[in-house]
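Visitor: Per our numbering: the sequence shown = residues 568 to 976. A virtual CB, placed ideally from N, CA and C, is assigned to each residue, including glycine.
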Amino acid sequence: MRTKLLIALPVAASILLATACAPRAAGREARLEADARFQRTTSLVSFDQAKQAFESGELDKARKEVEKALVRSNREAKYWSLLGRIELESKKLEKALEAFGRAIECDPNLAEPYYYRGIVHQRWSENDKAIADYTKAGEIDPERISYQLAAAELMITERRLDDARMLLLPKLAYFEHNGAMHELLGDIAMLSGDSKAAAVSYERSSVIDPEAPLIGEKLVAALFDAGEYQKCLETARRQRERAAAEQTSGKRFVPTRETMRHEGRSLAMLGRTTEARVVFSDTVREYPEDVDAWRDLATVTLELGDLARAQSASERLIALASDDASGYTLRGMVAAEKGEYEEAVRWHRLACDRAPKDAPAKVALGMSLWHSGKHDEGRSVLREALAIDPASALATEALAAVDAEGGAH
């Protein structure tokens, strides 16, 4: 009996101890879970306040609130991501990078921190890392086209044109009505030398989003490069008319120089040189420091025989760009048209001094030398021009002309 009692007492004690401890252990777990819920709830309040402050531009307040949230719950990826965005906006890039890294550690399947970390890398010119982050963000959230566009745009900057094309084309059917997508495809085509394809993409982009900056200028440039001069002219004029109509009352409308340039050049290519002269004259009046505009004006007025205007335009070009051979060549051509061949030779020599490998400049010099009576030197310079560019029709024809006249001198 005593043996049974000695055995029973420890068993009973263990049962009582277990029974007494069970509710206390369960209660402690419940309290811990309740405390965790409370911390998450209060952290969400701080997080929401941080977001509101961030969106209002109150960065210091936003930082304090999100740091409160992280004290209560530091495994929330979106908290770290918001902190990173705050630091990024504050230009504290090292801290931003660290915060985005923590966000990715907490949740590798959240796209946002990859995207914003890519921005940090891009600002540091670490473009390969930036492309990798943008691409990863796009893989995680393929519905957010901005991630793929950021990657493609940077690939284009890096001249990784095939990579950019392969990234965008599979998305085109789904994002058919995204103007930026078509614009980037146009950029790729233009840089690849396919101006016709570029014009098609830019035109689609401009229809989808006519307010997109620079898309109009890109379209007219692509049309001009593609040789579609009539369409380029019509497009440039439509853009000018639309912009003028949208101009607020009381303000004078000034078209962009690129739009005016391509309008004038299209007119010139279509043989409408008198109209082109008007456009180029308007361009230099609006943009008096534009070297290309003065060159265009000098060229078209020379073709029209308006020698006074051609002379003043070429001299203005020389004043603006003293190292540019074209101004001296145009001024020499004006002198030659006036029959002032010694003066023409002087200008053409100045042009060749600045561009010794420019075949057209050599041709102009050679012909002026020939007409000034220096036949041997003129023929020699024309041969130099042909040696520089054996395929030059201009040099070939000029040399043939002087050779044909050789017996008469």
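Please state if the CB of A880 and the CB of E825 are separated by a distance shorter than 8 Å.
Guide: One-based indexing of the sequence shown puts residue 825 at position 258. One-based indexing of the sequence shown puts residue 880 at position 313. No; because the gap between Cβ atoms is not below 8 Å, this pair is not in contact.
Visitor: What is the rounded straight-line gap between the Cα of R690 and the Cα of T850?
Guide: Residue numbering aside, residue 690 sits at position 123 when the sequence shown is read from its first letter. Residue numbering aside, residue 850 sits at position 283 when the sequence shown is read from its first letter. In a straight line, the C-alpha of R690 is about 36 Å away from that of T850.
Visitor: By Cβ distance below 7 Å, which residues in the same chain neighbour I885 in space, the five residues on each side in sequence not counted?
Guide: As a working note, residue 885 is residue 318 in the sequence shown. These residues qualify, in order along the chain: G894, Y895, R898.
Visitor: Taking all protein chains shown into account, do 16 or more other C-beta atoms lie within 10 angstroms of the C-beta of N745, making it buried, or fewer, making it exposed?
Guide: Taking the first residue of the sequence shown as position 1, residue 745 is located at position 178. The residue is buried, with at least 16 neighbouring Cβ atoms inside 10 Å.
Visitor: Any idea if T866 is buried or exposed, counting beta-carbon neighbours within 10 angstroms, 16 or more meaning buried?
Guide: Start at 1 with the first residue of the sequence shown, and residue 866 comes out as number 299. Buried: at least 16 other Cβ atoms inside 10 Å.
Visitor: When the Cα of V969 is compared with those of V948, G760, A954, which residue comes out closest?
Guide: Walking along the sequence shown from the start, residue 969 turns up at place 402. Nearest C-alpha to V969: V948.
Visitor: Have a look at A765, G838, L660 and flag the residue whose alpha-carbon is nearest the alpha-carbon of I686.
Guide: As a working mapping, residue 686 is identified with position 119 in the sequence shown. Checking every option, the nearest Cα to that of I686 belongs to L660.
Visitor: As a quick exercise: from A793, R913, Y701, S939, pick the residue whose alpha carbon is nearest that of M757.
Guide: Residue 757 sits at position 190 when you count from the first residue of the sequence shown. Checked all of A793, R913, Y701, S939; the closest Cα to M757 is A793.
Visitor: With a threshold of 16 other CB atoms inside 10 Å of the CB of L781, please say whether the residue is buried or exposed.
Guide: Taking the first residue of the sequence shown as 1, we reach residue 781 at position 214. When all chains shown are included, L781 counts as exposed.
Visitor: Can you tell me whether A965 is buried or exposed, with buried defined as 16 or more other CB within 10 angstroms of its CB?
Guide: Counted from its first residue, the sequence shown places residue 965 at position 398. Label assigned to A965: buried.
Visitor: Buried or exposed: L739, going by 16 or more other Cβ atoms within 10 Å of its Cβ?
Guide: Position 172 of the sequence shown, counted from the first residue, corresponds to residue 739. Classification of L739: exposed, given that the 10 Å Cβ count is below 16.
Visitor: Using alpha carbons as the reference points, say which of G831, G838, R839 lies closest to R862.
Guide: Within the sequence shown, numbered from 1, the residue matching residue 862 stands at position 295. The option with the nearest alpha carbon to R862 is G831.
Visitor: Take H829 and list the residues in its own chain whose beta-carbon comes closer than 7 Å to its own, dropping the five residues that flank it on each side.
Guide: Here the question's residue 829 lines up with position 262 in the sequence shown. Same-chain partners within the cutoff: V787, A788, F791, C799, A803.
Visitor: Excluding the five sequence neighbours on either side, which residues of its own chain have a C-beta within less than 6 Å of the C-beta of A731, listed in chain order?
Guide: Sequence index remark: in the sequence shown, residue 731 carries index 164 (1-based). Within the same chain, A731 has close Cβ partners A719, M722, I723, I755.
Visitor: Just the C-alpha distance for R950 and D925, rounded to the nearest angstrom, thanks.
Guide: Taking the sequence shown and counting its residues from 1, one reaches residue 950 at position 383. Taking the sequence shown and counting its residues from 1, one reaches residue 925 at position 358. Using only the alpha carbons, I get a separation of about 13 Å.
Visitor: Can you give the Cα-Cα distance for E944 and A971, rounded to whole angstroms?
Guide: Sequence index remark: in the sequence shown, residue 944 carries index 377 (1-based). Sequence index remark: in the sequence shown, residue 971 carries index 404 (1-based). Pairing E944 with A971, the inter-Cα distance amounts to about 16 Å.
Visitor: Does the Cβ-Cβ distance between L735 and L752 come in under 8 Å?
Guide: The residue you call residue 735 lines up with position 168 of the sequence shown. The residue you call residue 752 lines up with position 185 of the sequence shown. Going by beta carbons, L735 and L752 fall inside the 8 Å limit.
Visitor: For L874, which of helix, strand or coil comes out of DSSP?
Guide: Residue numbering aside, residue 874 sits at position 307 when the sequence shown is read from its first letter. Three-state result, L874: helix.
Visitor: Please state whether the Cβ-Cβ distance between D890 and R921 is less than 8 Å.
Guide: Position 323 of the sequence shown, counting from 1, holds the residue named residue 890. Position 354 of the sequence shown, counting from 1, holds the residue named residue 921. Yes, the Cβ-Cβ distance between D890 and R921 is below 8 Å.
Visitor: Only counting the same chain, and skipping five residues up and downstream in sequence, which positions put a Cβ closer than 6 Å to that of A903?
Guide: On the sequence shown, position 336 is the one that residue 903 refers to. Excluding residues within five positions, the ones whose Cβ falls inside 6 Å are A911, S935.
Visitor: Apply the 10 Å Cβ neighbour rule to Q715 and answer buried if 16 or more other Cβ atoms are within range, or exposed otherwise.
Guide: Position 148 of the sequence shown holds residue 715. So Q715 ends up on the buried side.
Visitor: Starting from the C-beta of A704, find all residues in its chain whose C-beta is less than 6 Å away, skip the five residues before and the five after it, and write them out in chain order.
Guide: On the sequence shown, residue 704 is found 137 positions in, with the first residue counted as 1. Contacts found: A678, Y681, Y682, Y714.
Visitor: Can you look up Y681 in the DSSP assignment and give me helix, strand or coil?
Guide: Your numbering for residue 681 matches position 114 in the sequence shown. The answer is helix: DSSP assigns Y681 an H, G or I state.
Visitor: Using a Cβ-Cβ cut-off of 7 Å (strictly less than) and excluding sequence neighbours within five positions of E784, which residues of its own chain qualify?
Guide: For this step, residue 784 is matched to residue 217 along the sequence shown. Around E784: T823, E825, T826.
Visitor: Does DSSP classify D776 as helix, strand or coil?
Guide: As a position in the sequence shown, residue 776 is number 209, starting the count at 1. Three-state result, D776: coil.
Visitor: Taking the CB atoms as reference points, tell me whether A977 and E632 lie closer together than 8 Å.
Guide: This structure cannot settle anything about residue 977, because the visible part of the chain is limited to 568 through 976.
Visitor: Going residue by residue through the region 712–753, where are the continuous alpha helix (DSSP H) segments of at least 4 residues, counting only ones entirely within it?
Guide: 712–724, 728–739
Visitor: Report all residues from its chain with a CB closer than 7 Å to the CB of A566; omit the five preceding and five following residues, and keep chain order.
Guide: Within the shown structure, residues of the chain are numbered from 568 to 976, placing residue 566 beyond reach of any answer.
Visitor: Let me make sure I understand the geometry here. Which of A892, Y646, A666 has the alpha-carbon closest to that of L655?
Guide: Sequence index remark: in the sequence shown, residue 655 carries index 88 (1-based). Per the Cα distances, A666.
Visitor: Using the rule of at least 16 other Cβ atoms within 10 Å of the residue's Cβ for burial, across every protein chain shown, is R852 buried or exposed?
Guide: As a position in the sequence shown, residue 852 is number 285, starting the count at 1. Counting every other CB atom within 10 Å of its CB across the protein chains shown gives R852 a total below 16, marking it as exposed.
Visitor: Output needed for S613: all residues of its chain with C-beta closer than 8 Å, excluding positions within five of it in sequence on either side, in chain order.
Guide: For this step, residue 613 is matched to residue 46 along the sequence shown. Once the five neighbours on either side are set aside, the close Cβ partners of S613 are E632, V633, K635, A636, R639.
Visitor: Return helix, strand or coil for Y983, following the three-state DSSP convention.
Guide: What the structure shows of the chain is the stretch from 568 to 976, and residue 983 is not part of that stretch, so it cannot be assessed.
Visitor: Starting from the Cα of L953, find the closest Cα among H938, G973, L626, P927 and give me that residue.
Guide: Start at 1 with the first residue of the sequence shown, and residue 953 comes out as number 386. The shortest C-alpha separation from L953 is found at P927.
Visitor: Would you give the residue range spanned by the alpha helix (DSSP H) that A548 belongs to?
Guide: Outside the displayed span of the chain (568 to 976) sits residue 548, for which this structure offers no information.
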